[in-house]
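The opening residue of the sequence shown carries number 2 in the working numbering; numbering runs sequentially from there. Backbone N, C-alpha and C define an ideal beta-carbon position, used for all residues, glycine too. First comes the structure, then the notes that go with it.
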Amino acid sequence: MQNIDQFELRQGDRDETAVETLQENVAKIRTQRQAQPQFEVEQALAIALVNYSNALRNAKKLGQALAAVQESVSIWRFMHETWPQEVEANLASTLRIFCVRLGEVGRDEEAVKAAEESIRLYRSLRKAKPEAFGRSLAITLMIYSNSLSRSKKIEDALQAIEEKQSAPADGIYAKAVMIQSCLLAEVHRTSDALTSIAEARSILCSLDEKVAKGLIWRPIWLAATGRNEEMAVSSSRRATGRENSSRN
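Laid out in structure tokens, this is it:
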């Protein structure tokens, strides 16, 4: 059983050749589907449509990218009625991609709904297999928070990003804390925002994962609280981090 999570984060080629190749693949599977509709063919088409959507998005064809992943969601939903256990993870993951595509074309309210459906599925999956789906749920909650923020639902966005049950101290968690910091600042909770970004910075430093990313927001919050000397030091560290990265 293939899983969409294996495909969605893969960087596709950004040229027209990739789009044409995946388009041909989708057309081929459609033909197979008409002649022999079955689980394997439906699954192959749904996955091919996600890959096609990714390629279209990389080619800046956002409308077509949205249409492709929307069709994939429809297929997974149809399959979920007959094979719920077999396809639930793929439906959840494709809904998450659908949410992102909706946001890319400014349809934020629909993006929120798609994310909410994905979160419901991931919460159910996580209860059965917490180690397998905890990370996917965390990523989806971050995307959900971003969608809520774009929809001006800041308090709801905060609630989503603060859901950290058994959150792993890794790069994904650190990014979530950074987003939380931005949201806190938007509701004028500057002190909490500083605490939040400090936590993210600490995690990133301990993991040795591009420390500059953890430092990038800190000068903003220091300036907001009038701590200009600390802001200068933080900005200097950020510049040093970039310099060291370029040398490496």
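Quick check on A112: buried or exposed, where buried means 16 or more other Cβ atoms within 10 Å of its Cβ? Taking the first residue of the sequence shown as 1, we reach residue 112 at position 111. Buried: at least 16 other Cβ atoms inside 10 Å.
Find out if the Cβ-Cβ distance for the pair L142, S119 is shorter than 7 Å. Within the sequence shown, numbered from 1, the residue matching residue 142 stands at position 141. Within the sequence shown, numbered from 1, the residue matching residue 119 stands at position 118. The answer is no: Cβ separation not under 7 Å.
Backbone CA spacing between F134 and V27 [nearest angstrom]: Residue numbering aside, residue 134 sits at position 133 when the sequence shown is read from its first letter. Residue numbering aside, residue 27 sits at position 26 when the sequence shown is read from its first letter. Approximately 28 Å between the Cα atoms of the pair.
Rounding to the nearest angstrom, what Cα-Cα distance links E110 and G64 in this structure? Residue 110 sits at position 109 when you count from the first residue of the sequence shown. Residue 64 sits at position 63 when you count from the first residue of the sequence shown. Rounded to the nearest angstrom, the two C-alpha atoms are 17 Å apart.
Would you mind working out which of N91, L92 and A115 sits nearest V101, comparing C-alpha positions? As a first step, residue 101 must be located in the sequence shown, where it is residue number 100. V101 has its Cα closest to that of A115, out of N91, L92 and A115.
By DSSP, does A93 sit in helix, in strand, or in coil? The residue labelled residue 93 in the question sits at position 92 within the sequence shown. Here A93 sits in helix by DSSP.
Kindly say whether T22, judged by its beta-carbon, lies nearer than 7 Å to any beta-carbon of chain C. Absent from the structure is chain C; it holds one protein chain and no more.
If we ignore side chains and look at the alpha-carbon of each, how far apart do R124 and S94 end up? By 1-based counting over the sequence shown, the position of residue 124 is 123. By 1-based counting over the sequence shown, the position of residue 94 is 93. About 12 Å.
Contacts around L10, its chain only, beta-carbon distance under 6 Å, and the 5 residues preceding and following it disregarded: Here residue 10 refers to the residue found at position 9 of the sequence shown. Confidence is the limiting factor: at L10 the pLDDT is only 38, short of 50, which leaves the residue's position unreliable, though a coordinate-based value still follows. Cβ neighbours of L10 beyond the five flanking positions: none.
Going by DSSP in three states, K61 sits in which element: helix, strand or coil? Numbered from its first residue, the sequence shown carries residue 61 at position 60. If DSSP states are grouped into helix, strand and coil, K61 belongs with coil.
C-alpha distance - K62 paired with R127, whole-angstrom precision: In the sequence shown, the residue the question calls residue 62 occupies position 61. In the sequence shown, the residue the question calls residue 127 occupies position 126. Their backbone Cα atoms lie some 34 Å apart in a straight line.
For W84 and E41, the rounded distance between their alpha carbons: Walking along the sequence shown from the start, residue 41 turns up at place 40. Walking along the sequence shown from the start, residue 84 turns up at place 83. If I take the Cα positions, the gap works out to 12 Å.
Below 8 Å CB to CB, which residues in the same chain sit around Q24 once its five sequence neighbours on both sides are set aside? Walking along the sequence shown from the start, residue 24 turns up at place 23. Only Y53 meet the Cβ criterion.
Counting C-beta neighbours from all protein chains within 10 Å, is the total for G104 16 or more, i.e. buried, or is it exposed? Counting from 1 along the sequence shown, the entry for residue 104 is found at position 103. So G104 ends up on the buried side.
Minimum C-alpha distance to N59 - residue among V74, Y145 and A19: Working through the sequence shown from its first residue, we reach residue 59 at position 58. Looking at the Cα atoms, A19 is the closest of the given residues.
So, is A129 buried or exposed, given that buried needs 16 or more other C-beta atoms within 10 angstroms? Taking the first residue of the sequence shown as 1, we reach residue 129 at position 128. Burial call: exposed.
Run through DSSP, which three-state label would V113 get? Numbered from 1 along the sequence shown, position 112 holds the residue referred to as residue 113. DSSP places V113 in helix when its eight states are reduced to three.
With DSSP as the reference, label V70 as helix, strand or coil. If you number the sequence shown from 1, residue 70 lands on position 69. Three-state result, V70: helix.
With 16 as the cutoff for other CB atoms within 10 Å, does V106 come out buried or exposed? Walking along the sequence shown from the start, residue 106 turns up at place 105. Its Cβ having fewer than 16 others within 10 Å, V106 is exposed.
Out of E82, N91 and E87, which has the shortest C-alpha to C-alpha gap to A49? The residue you call residue 49 lines up with position 48 of the sequence shown. Per the Cα distances, N91.
If the criterion is Cβ atoms closer than 7 Å, does the pair I76 and A45 meet it? Within the sequence shown, residue 76 is the residue found at index 75, counting from 1. Within the sequence shown, residue 45 is the residue found at index 44, counting from 1. Taking 7 Å as the Cβ cut-off, I76 and A45 do not qualify as a contacting pair.
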